[in-house]
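Chemist:
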Amino acid sequence: MNEVLARGADRKHDDDALPEKDGADAQSHENAPAHQSKRHDSAHLHVAGRAPYTDDLPEPPGTLHAYLGLSTIANGRIESIDLEAVRAQPDVEAVITADDLGHNDASAWQIGDEPFLTSGKVGFLGQPVFMVVATSRNAARRACRHAKIAYAEDTPILDVDQAREAGGRTVIDGMTLERGDADAALANAPRTLSGTMLIGGQDHFYLEGQIAFAVPGEDGTMIVYSSTQHPSETQMLVAHALHRPAAMVTLEVRRMGGAFGGKESQANLFAALAAFAADRLGAPVKIRPDRDDDMVATGKRHDFRADYEIGFDDEGGIHGVKFTYAARCGFSADLSGPVTDRALFHCDNTYYWPAVKAVSQPLFTNTVSNTAFRGFGGPQGMVGAERVIEEVAFATGLDPLEVRRRNFYGEGERNLTPYHQTVEDFVLPRIVDELLESSDYEARRQAIRQTNRDANGFKRRGIALTPVKFGISFTASHLNQAGALVHIYTDGSIHLNHGGTEMGQGLNTKVAQVVAAVFGVPLEQVRITATSTGKVPNTSATAASSGADLNGMAAKLAAETIRQRLVDFAVAEHGVPAEQVVFRDGQVQIGNREVGFAELVEEAYTARISLSSTGYYRTPKIHWDRASGRGHPFYYFAYGAAVSEVEIDTLTGEYTVERVDILHETGNSLNPAIDIGQIEGGFAQGMGWLTTEELVWDEKGRLLTHAPSTYKIPLASDMPRQFNVALAEWSRAHEPTVFRSKAVGEPPFMLAISVLHALSDAVASVADYTICPRLDAPATPEHILMTIERLRADSKTAN
Amino acid sequence: MTANAPDPSDSALPPPIRRTMRFLLNDRPVFLDRVAPDDTLLDFLRIEKRLTGTKEGCAEGDCGACTVLLGTLDAQGRLHYRSANACIVLMGMIDGAHIVTVEHLSPRGGPLHPIQQAMVDHHGSQCGFCTPGFVMSLYGLLMRQPTPDRLAVERALQGNLCRCTGYAPIVRAALSVAALSGTDDPVLAERPTVTKRLAEWRDGSRLEVSGHEAASGNAEPGGATILPSDVPYEGDVSESEGASDNRILRPASVADLARLFEDNPAGRIVAGATDVGLWVTKFMRDVGPLIPIGHLDELRGVEESDGALRIGANVSYTDALDALAERIPAFAPLLWRIGGNQIRNMGTIGGNIANGSPIGDMPPPLIALGAMLHLRKGDARRDLPLEDFFIEYGKQDRWDGEFVEALSVPLPSPDAKIAFHKISKRRDEDITACLGAFHLMLTDDGTVDTIRIAYGGMAGVPKRASAVEKALIGRPWTEDAVESALAAFEEDFTPLSDMRASADYRMLVARNLLRRFFADTQDDPIQTEAAQ
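So the sequence lines, in the order shown, correspond to chains A and B. Going by the numbering used here, the first sequence opens with residue 1, and the numbers climb by one from there. Going by the numbering used here, the second sequence opens with residue 800, and the numbers climb by one from there.
Okay, structure coming up:
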C-alpha cells in the first residue's frame, strides 16, 4: 500500500480512511466513488507516452510553423525593421508584423497596454516584434535571426528600487487595506521596529512550454488547440485577432503539460498569432517557442519588496502593522492588479492585526509582464506576515511559534481581517496542535538548540513551524461561476464536459468522481472529454484553486438535473415514492425492484426523457469593493501547517532539508491521493521558489536565467529526507461546497515558507539567536552564507 | 566484431566507406541515406517517426523529458543500454545503436510495463509531460540495478525535472518495482536478437553521409531571437567558420579519426555532444563536418601502468565512476554531481577538457593530481601537463587537426590527502559556481611537503592557486598556516559575478573550501565528502 495513504490510515478516523484502489468497500462510503483515491484519468496514458499534448497532435498536410522574433533591448523605440533577409530565407512562407495585424492587434484589446507584436515602443527585452511562418519550425526559427531592427534605446527601469526612483509609475492603481488606526497603534505600542524584505520571483517552468495549433475551418471559422488555462479568454483574443465573432472560434484543450498560472493569460498571444497566420495563409499553423525564448518572453511570479512597521509588546502581542508591498510588474498590467491585491489579502496570514494598513504598489518596469503563478501574490503577502512574526520573536526573545500562537485569529473575537471579512472557519489551532504532536516539534527544537550550541563543526540545524490560511475565490467576484455539460447515452455511458482545464491537477478525475457519485455508477462509466468553448461557453480560467469547487459543483448540478428526470420517470412508471429511487453500484433501486442503470436509461430514452443537461454554478455569499477595501471576497479559507528542519553548512551556505511534517486540510477530500499529490508537489514548488530558484537580470534587462541550466527548480534529491504528509481527515468545509471538500491547488505551496524560516533559524544560531537574520528569498547557498557573514559581523559589533 | 571484419586500428589504408546510416529503433531497423550534422534524435523521433511519447522540455539536456535508451555493444560485443537525452543526441552519433523509446515498453492497448504500472499505482504522474522521461530513466536504472535503494533512485533521476509531483510518488513507485524479467520486459527478451544485429553491423567501415541540399543559412550574429546568456561561458560559440559543410564523417577507428581530422581540421568532433548539442539546439550553429567518435572503443580504455591511470578520451563520467573513483575515491562524490544521469552517460572526460570551459568539473581535480594530456594529430603525438592546455578563456593549446586521445593521472600516494569540493546553487545537476580541488602531501612531522590546489569558476580557465600553494609549502599544516594563506587568494584570483554567483561569494567560498579541506584532514585522512 502507498506509504502516504498507509500513514493516513493510521490516523484516528478509520471510517474515513480511503482505499487506494477501487475496493469492494467502496459502496460503504457515501458518495462513492467520490472521496476515493482514484488514479488520474490519464495516468495509464502518461506513463506510456500515449497522452497527446498539443505538440503531439497529428499535423494535417500543409501545416506551417511559426516562430517569434524578439526585441533585443529593454526600453526604447523601434526605429526601423528590415525583414527582407528574413523573407528570403529558405522555406519561409510569410513574415508578419504589427502592421499586418493592424487593429487586430491586442493593443486594441481591453486596456491595450500589451500588443501581440510591437512596432513602436519596446517595453522589455524579449518582447515579440515579428513572426515568421515557414514550412518547418526549424526554418522559421533560423529565419528569425536574419532580422535587422534599429532601436533608439533608453535606460531601462529594471527593479522596484529603480521604479521608485523614477517616480513610481504603476501599471494599474494600487490598493489599500485598512482597519483601525495603524499609525496610532504604532505610536502607542510599547515597542516598534521596521524593516524590509526582498522576495524573489519565480519562473513557472511548466514542462510543456507555450504552444498553440490553429486549424482553419470552413467559412472563416477556426479551431485552436492551445495549452491555455483560460480557453474562453483565449477564444476572445483569437476572435479579436481574426476580427470575427467569437462564435466562429473554437478553443480546445485536452490537457496541459503543467501551467501553474503561467498559461492563464500568457497563452493568449500564441493562440491569437497562430490563428491570425492560419487565417492569413489558409493553412494550419503551429507555434511553439524554444524553452529559452519561452522563459524570456512570458511572465513570471512577481518579485516584491515588502516594507513593514510593527508595534508590539514584550509578550509578543502585535498592536499594529503597516505594510507596503511593492511589486515588479513589468511593462504592462496583465494580472498585476489582482496579484498585488491578493498579496495584501494575505498580509495577515493566520494573524489578527488589531490595527493594520497595507498598501500595494504595482510598479511599472522594463521587464517581462509578470503574471499569475500558484498563490497569485498570496505567497508573497504571507511571507511578509511571517517576517513580521519573526522580527517580533527575535525582538522579544520568544519562540516564533509562541508569537504566532499569541497572534492567531480568535474564535468569535479578534477575527476580522484587514479587508473586513470575518474569519468564520478558523480550524488552524487544531491543525497546529496535532502537527506539534506528530512532528515532536518542541523536543526537536530543544535538541537542535542544544546541538547547535555544542557544535564545533560547520553544520547547524534549524527548525520552524509556519501556518497557512489561504482565501478561496476569485477576488473579481464575477469570475466565480462555472458551467458543465453531461450526456448519458442509451447504453448508460456518460459523457462529461466542464469549463475547467486539466493541467495535471486531477480536476477531470475529481469532477468525474462527482458525476459518478450522483449516478451511483463506477467511475469508468464516465468519459471525460476535452475542454471546448463549443461545449461550455464563457468560462473562467482554471485558477485560484477553484477548479473542482466551481466545475465540480456545475457538473454535479447537471448530473442531478438528469437524475431528477430519471427519478421522476421511475416514480411515474413504477408508482413508488421518489425517496425509494436510489442510484448505487451501477444499479437503480426502485422500490423493491432493482434495474441496471443502463436499463433505466434505455427505458427513459424510449419514453422520450432528455438525457442531457447543462449545469451552472455561481459561488454564493461573496462580494468585494476594491475602492473601499471592504467586503467578503472569499467564500472560505483553506488551512494547513508545516514543520521543517534543515541543516546548513556555515562554510558554504549549502543546505539540506532533513525533515518536513505537513498537516493540511482539504475538507471532505474528493480524492485523497490527488490532494496529497497537490500538497507534496505544491510544497516542492514553494520550496524551490524560496531556495534555489533565482531569477537574475543583467543591467541591460536581459534575463540571464532562462533555461534549466541556469534556473534551478528542485530535483528529487532536494526533497526532504523525511517527508510526512497527512490530510486532516476530520476537516469538512464550513460552507456547502461540493461534498464538503475544499480547494487544494494553491494553499500547500505556502507550506514551504517553513523551509525559509527553518533556514533562518539555523542562520540565527551563528549569532546565538540574538539577531533576526532577515533572510531574504530566495535563500540560495550564496544568500545563506552572506547572511551568516553579516550576522557574525553584527554580533561582533554588538559585543 | 564479426570474424571477417578488418581490424581497423592496424590498417594503414583508409577503411571502406559506407553511405547509409543504420540503427535499430525499438523493434525495427532504420536505414538513412541523408542525415545532416545538426539533425537531432528527438526531432527524428517526433517529426519523422511521429513517436511523440518522447517529449521536448528544454532542448538542452537538463530536464530529461526526452530520455531514451541507447543500446550499444562494447569492445567485447556485450550489449549495454544507457539513458540519454534525445534532444542533444545528434543523429550522426547513433549509427549501429539500438534506440529504445517509451512506446516500446508496452504494446498499444496491452498491459503496461511494470515500471509504468508502478507509476500509475503510486500516482506518479500529474500533468504527465515529464512522465515518459522518468519511466525511461527508471528503466535504465533497473537494467543496471534490479533493486535500487532511494539514493540510487535519486541519482538516476538527477537529470529528470518534474514540476508537479514533488517527486515523492515517483520515488515510491521506483522503490516498489520488482526486478525486471524477460516475460514482461521487451528489451530483455530481445537482447539476443539485438546483440546479433548490432554485431553484424560492425563492419569496420567509415560512415559518410550528408544532409539535404538546401543547406541551412548561417545565422548572423545580432539577430532578433534571444541567445542564451551562457554564450561566453559554456564554450566557444563564436561565428561559424566558413561555409556550412553538412557531412557526417564517422571514423572507423582512431587511426581513421586521426586521418579524417587532419584532413578536415574544421570538423567538429563529438563524443557525447552534451555541449555541442546545445550549439545546435540553442545557437543553431553549423557543426559540420561532424565527426562522431563516441563509438570508438579504443578511446574508452582505462589502463594502469607506471603508477598512472591512462584514461581514454571517450571514458564517460559514468564509466569514470567505476574506473577512476575506484582508485581515487575523492572523485566519486564529485562525479555524482556532474549533470544528470543522462549527461554522465554521454559526456566524456576528453570532451570536458577539450571544450576548454572554465567551469568544467574535471580539469581542476585532474590538475591538482598533475594529470598529463595526450594529444594526437595524424600520427604525431605530444603530451603536455593538463594545466598548460588552458591558455586563456576560449583558447587552448590545441593545434588544428589535433585531438585529445587520452590523459594520464598519476596515482596519488596512499598518504596523500585529496578532496574535490563543488559549489553550485542546486546540489545536483547544476553547473559549478566554484570548485576547489586539493591534493596535499605532508612530511612525517606534519609540514606541507607538496600541495596542489586548483579551482574552477574562479578565472577564465581552470587555474592553480599558485600563491596559496606557495604560502603553504614548507609550513606546518595548521589552522594558523591555512588562515594566513587565505590572503594569497587575492593574488591568484579575481573572479567574476554572473547568474551563478557573485564575485564576493566566489572568493569567500573558495577560501572556505580550503578551510573545509583543512578541517577534514584533521579527522579523516582519506577525503570523502559525506555521501548524500
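Quick reminder that beta carbons are idealized off the backbone N, C-alpha and C, glycines included.
Reducing DSSP to helix, strand and coil, say where Val952 (chain B) ends up.
Modeler: It is helical.
Chemist: For the segment 857-881 of chain B, enumerate the residues whose C-beta is nearer than 7 angstroms to any C-beta of chain A, in chain order.
Modeler: For the segment 857-881 of chain B, which is checked against every Cβ of chain A, the residues closer than 7 angstroms are Cys857, Ala858, Glu859, Asp861, Cys862, Ala864.
Chemist: Would you tell me roughly how many angstroms separate the C-alpha atoms of Val368 (chain A) and Glu953 (chain B), rounded to the nearest one?
Modeler: Spanning the two alpha carbons is a distance of roughly 35 angstroms.
Chemist: Using beta carbons (cut-off 8 angstroms, strictly below), is Ala1300 (chain B) in contact with chain A?
Modeler: Closer than 8 angstroms to some Cβ of chain A, the Cβ of Ala1300 (chain B) qualifies, so yes.
Chemist: Would you give the residue range spanned by the beta strand (DSSP E) that Trp624 (chain A) belongs to?
Modeler: First-last of the beta strand (DSSP E) with Trp624 (chain A): 623-625.
Chemist: Considering just the uninterrupted stretch of the alpha helix (DSSP H) at Ser336 (chain A), what are its terminal residues?
Modeler: Looking at the DSSP string, the run of the alpha helix (DSSP H) that includes Ser336 (chain A) is 336-345.
Chemist: Counting only the same chain and skipping the five closest in sequence on each side, list residues whose C-beta sits under 6 angstroms from that of Leu269 (chain A).
Modeler: Excluding residues within five positions, the ones whose Cβ falls inside 6 angstroms are Phe116.
Chemist: From what residue to what residue does the alpha helix (DSSP H) around Gln800 (chain A) run?
Modeler: Lying before the first or after the last residue shown, residue 800 (chain A) is absent from chain A, which here runs from 1 to 799.
Chemist: For chain B, check one thing: does any of its Cβ atoms lie closer than 8 angstroms to the Cβ of Ala779 (chain A)?
Modeler: By this cut-off, Ala779 (chain A) is not an interface position.
Chemist: Can you list, in chain order, the residues of its chain with a C-beta nearer than 7 angstroms to that of Thr533 (chain A)? Leave out the 5 residues immediately preceding and following it.
Modeler: Counting only Cβ-Cβ distances below 7 angstroms, and skipping sequence neighbours, we find Pro231, Ser232, Gln235, Thr250, Leu251.
Chemist: Mind checking which residues open and close the beta strand (DSSP E) that includes Ile868 (chain B)?
Modeler: This sequence places Leu at residue 868 (chain B); Ile is not what is there. 866-872 is the span of the beta strand (DSSP E), which, as asked, contains Leu868 (chain B).
Chemist: Less than 6 angstroms between C-beta atoms, sequence neighbours within five positions excluded: which residues of the same chain meet that for Arg301 (chain A)?
Modeler: Closer than 6 angstroms at the Cβ level, and outside the excluded window around Arg301 (chain A), lie Gly201, Gln202, Phe373.
Chemist: Beta-carbon separation of Thr853 (chain B) and Val901 (chain B) under 8 angstroms?
Modeler: Their beta carbons are under 8 angstroms apart, which means Thr853 (chain B) touches Val901 (chain B) by this criterion.
Chemist: List the endpoints of the continuous beta strand (DSSP E) containing Ile223 (chain A).
Modeler: It spans 222-226 - the beta strand (DSSP E) in which Ile223 (chain A) sits, taken as one unbroken run.
Chemist: Is Gly923 (chain B) near Thr964 (chain B), with beta carbons less than 8 angstroms apart?
Modeler: Yes, the pair counts as a contact, with Cβ atoms nearer than the cut-off.
Chemist: Is His1094 (chain B) helix, strand or coil by DSSP?
Modeler: In the structure shown, His1094 (chain B) sits in coil (DSSP, three-state: anything other than H, G, I, E or B).
Chemist: State the Cα-Cα distance for the pair Met1 (chain A) and Asn671 (chain A), rounded to the nearest angstrom.
Modeler: For Met1 (chain A), the predicted structure reports a pLDDT of 34, less than 50, and the residue's modelled location is therefore unreliable. A value from the coordinates is still provided. So the two alpha carbons sit approximately 16 angstroms from each other.
Chemist: Do you know how far the Cα of Ser612 (chain A) is from the Cα of Ala484 (chain A)?
Modeler: About 11 angstroms.
Chemist: Going by alpha carbons, who is nearest to Ile1230 (chain B) out of A:Glu645, A:Gly547, A:Thr705?
Modeler: Looking at the Cα atoms, A:Thr705 is the closest of the given residues.
Chemist: With distance defined between alpha-carbon atoms, name the residue in A:Asp761, A:Pro747, A:Thr780, A:Ala752 nearest to Arg342 (chain A).
Modeler: Per the Cα distances, A:Pro747.
Chemist: Per DSSP, what kind of secondary structure is Val834 (chain B) in: helix, strand or coil?
Modeler: Note: Val834 (chain B) maps to coil in three-state DSSP.
Chemist: Are the beta-carbon atoms belonging to Ala998 (chain B) and Leu1108 (chain B) less than 8 angstroms from one another?
Modeler: Going by C-beta atoms, Ala998 (chain B) is not nearer than 8 angstroms to Leu1108 (chain B).
Chemist: Quick one, are the C-beta atoms of Gly520 (chain A) and Phe426 (chain A) less than 8 angstroms apart?
Modeler: Result no, Cβ atoms of Gly520 (chain A) and Phe426 (chain A) do not sit closer than 8 angstroms.
Chemist: Less than 8 angstroms between the CB atoms is what I'm expecting for Val766 (chain A) and Gly552 (chain A), so what's the real figure, rounded?
Modeler: Incorrect: roughly 49 angstroms between the Cβ atoms, too far for contact.
Chemist: Note down, in chain order, each residue of its chain lying with its Cβ closer than 8 angstroms to the Cβ of Thr797 (chain A), except the 5 sequence neighbours on either side.
Modeler: Taken in chain order, the list of residues that qualify is empty.
Chemist: Please state if the CB of Val132 (chain A) and the CB of Val86 (chain A) are separated by a distance shorter than 8 angstroms.
Modeler: Closer than 8 angstroms, so yes.
Chemist: Here's the rule I'm using: 16 or more other beta-carbon atoms within 10 Å means buried, otherwise exposed. How should Gln944 (chain B) be labelled?
Modeler: Gln944 (chain B) should be labelled exposed.
Chemist: With C-beta atoms as the reference, is Phe364 (chain A) less than 8 angstroms away from Lys286 (chain A)?
Modeler: Not a contact, by the Cβ cut-off of 8 angstroms.
Chemist: Check whether the Cβ of Thr542 (chain A) lies closer than 8 angstroms to any Cβ atom in chain B.
Modeler: Thr542 (chain A) does not count as touching chain B.
Chemist: Am I right that Gln915 (chain B) and Ala48 (chain A) are in contact with their C-beta atoms under 8 angstroms? What's the rounded C-beta distance?
Modeler: Correct: roughly 6 angstroms between the Cβ atoms.
Chemist: Report back the beta-carbon spacing between Asp882 (chain A) and Thr396 (chain A) to the nearest angstrom; my notes put them in contact at under 8 angstroms.
Modeler: For residue 882 (chain A) there is no data in the structure shown, the boundaries of chain A being 1 and 799.
Chemist: Quick one: which chain B residues come within Cβ less than 7 angstroms of Ser545 (chain A)?
Modeler: Those do not exist, as Ser545 (chain A) stays about 15 angstroms from chain B at its closest Cβ, beyond 7 angstroms.
Chemist: Taking Cβ positions only, does Ser28 (chain A) come closer than 8 angstroms to chain B?
Modeler: Residue placement at Ser28 (chain A) is flagged as unreliable, the pLDDT there being 43, under the threshold of 50; a coordinate-derived value is accordingly withheld.
Chemist: Return the chain-ordered list of same chain residues with a C-beta closer than 7 angstroms to the C-beta of Leu1295 (chain B), the five sequence neighbours on each side being excluded.
Modeler: Excluding sequence neighbours, Leu1295 (chain B) sits near Ala1302.
Chemist: To the nearest angstrom, how far is the alpha carbon of Ile157 (chain A) from that of Leu703 (chain A)?
Modeler: Those two C-alpha atoms are separated by around 14 angstroms.
Chemist: Step through the CB atoms of chain B and report whether any lies within less than 8 angstroms of the CB of Val800 (chain A).
Modeler: No information on residue 800 (chain A) is available, as it lies outside the stretch 1 to 799 that chain A covers here.
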